[in-house]
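K.L.:
Residue numbers (UniProt numbering): 1 to 178.
(1) Within 10 angstroms of its Cβ, does residue 46 collect 16 or more other Cβ (buried), or is it exposed?
(2) Alpha carbon to alpha carbon, what distance is there between residue 5 and residue 101?
(3) In terms of DSSP beta bridges, what is residue 96 paired with?
(4) Starting from residue 22, follow the alpha helix (DSSP H) in both directions and report where the run begins and ends.
(5) Have a look at the DSSP bridge pairing and note the partners of residue 66.
(6) When we look at the beta-carbon of residue 114 and count the other beta-carbons within 10 Å, is it buried (16 or more) or exposed?
(7) Keeping to the same chain, check which residues put their C-beta closer than 8 Å to that of residue 68; ignore five residues upstream and five downstream.
(8) Going straight from the alpha carbon of residue 2 to that of residue 21, what length do you get?
(9) With a CB to CB cut of under 8 Å and the five nearest residues on each side skipped, what residues in its chain are close to residue 136?
(10) So, at 8 Å on beta carbons, what are the nonlocal neighbours of residue 150 in its own chain, with the 5 sequence-adjacent residues on each side left out?
(11) Between which two residues does the alpha helix (DSSP H) carrying residue 117 extend?
(12) At which residues does the alpha helix (DSSP H) containing residue 86 begin and terminate?
(13) Taking the CB atoms as reference points, tell me whether residue 85 and residue 14 lie closer together than 8 Å.
(14) How is the alpha helix (DSSP H) around residue 143 delimited, first residue to last?
(15) So residue 98 and residue 17 are supposed to be a Cβ contact under 8 Å. How far apart are they, rounded?
(16) Flag this pair as touching only if the stretch 68-79 and the stretch 31-40 have three or more C-beta atom pairs under 8 Å; answer yes or no.
(17) How far does the alpha helix (DSSP H) with residue 43 in it reach, from first residue to last?
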């Protein structure tokens, strides 16, 4: 890592946070902030993966729809989906999703996860989440308690041996689903 410049390292990382950062301008301009030179086809594909395309294409002006400061005319889930798309447009080697689907319904989150799984061979994804559904299919899940790692494993392994993880899963998914 020390052999690379900070700019080189930053260029290889895409990030979408719980608090979405959007600015006054069109949806298109906000998406291209990830990569000004991204081909339109790639922008549309990233919007599909992030499940932003359906609501954007339903808008009268589509990708030319103007956003207010911080995206005030969008729901929290819509903002998050645009920020996930923008992170994908950057074509990162590492994608960090920090509670970036917290305002998205479970069905839409499942579609986003399915789209990301198709891309997994091309990038490493770190998902920081409070929802079990966000991490259930991860290769490795780190369970934190009080800022400390208390267990690492796959969903099924953690259900069996990690009481903290099992309790969270039961509270979110129901005892019969666990």
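Ideal Cβ positions, reconstructed from N, Cα and C, are used throughout, including at glycine.
P.N.:
By the coordinates alone:
(1) Start at 1 with the first residue of the chain shown, and residue 46 comes out as number 46. Buried, since its Cβ has 16 or more Cβ neighbours within 10 Å.
(2) By one-based count along the chain shown, residue 101 stands at place 101. By one-based count along the chain shown, residue 5 stands at place 5. Near 31 Å, if we compare the C-alpha coordinates of residue 5 and residue 101.
(3) For this step, residue 96 is matched to residue 96 along the chain shown. 15, 126.
(4) One-based indexing of the chain shown puts residue 22 at position 22. It is not in any alpha helix (DSSP H) - residue 22 carries neither H nor E in the DSSP assignment.
(5) Taking the chain shown and counting its residues from 1, the one referred to as residue 66 is at position 66. Assignment of beta-bridge partners to residue 66 by DSSP yields 26.
(6) In the chain shown, residue 114 corresponds to position 114, counting from 1. So residue 114 ends up on the exposed side.
(7) Sequence index remark: in the chain shown, residue 68 carries index 68 (1-based). Residues 24 of the same chain have their beta carbon placed closer than 8 Å to that of residue 68, with the five preceding and five following residues left out of the count.
(8) For this step, residue 2 is matched to residue 2 along the chain shown. For this step, residue 21 is matched to residue 21 along the chain shown. When rounded, the distance between both Cα atoms is 29 Å.
(9) Locating residue 136 in the chain shown gives position 136, counting from the first residue. Excluding sequence neighbours, residue 136 sits near 155.
(10) Here residue 150 is taken as the residue at index 150 of the chain shown, counted from 1. Only 143, 144, 162, 164 meet the Cβ criterion.
(11) Here residue 117 corresponds to residue number 117 of the chain shown, with the count starting at 1. Counted as a single uninterrupted DSSP element, the alpha helix (DSSP H) harbouring residue 117 occupies residues 106-119.
(12) For the purposes of this step, residue 86 is taken as the residue at position 86 of the chain shown. Run containing residue 86: 76-89, per the alpha helix (DSSP H) assignment.
(13) Numbered from 1 along the chain shown, position 85 holds the residue referred to as residue 85. Numbered from 1 along the chain shown, position 14 holds the residue referred to as residue 14. Not closer than 8 Å, so no.
(14) Numbered from 1 along the chain shown, position 143 holds the residue referred to as residue 143. Counted as a single uninterrupted DSSP element, the stretch harbouring residue 143 is not any alpha helix (DSSP H) but the beta strand (DSSP E) occupying residues 141-145.
(15) Position 98 of the chain shown, counted from the start, is the residue given in the question as residue 98. Position 17 of the chain shown, counted from the start, is the residue given in the question as residue 17. Right, their Cβ atoms sit about 5 Å apart.
(16) Output reads no: the stretch 31-40 does not touch the stretch 68-79.
(17) Here residue 43 refers to the residue found at position 43 when the chain shown is read from its first residue. Element bounds for residue 43: 40-49.
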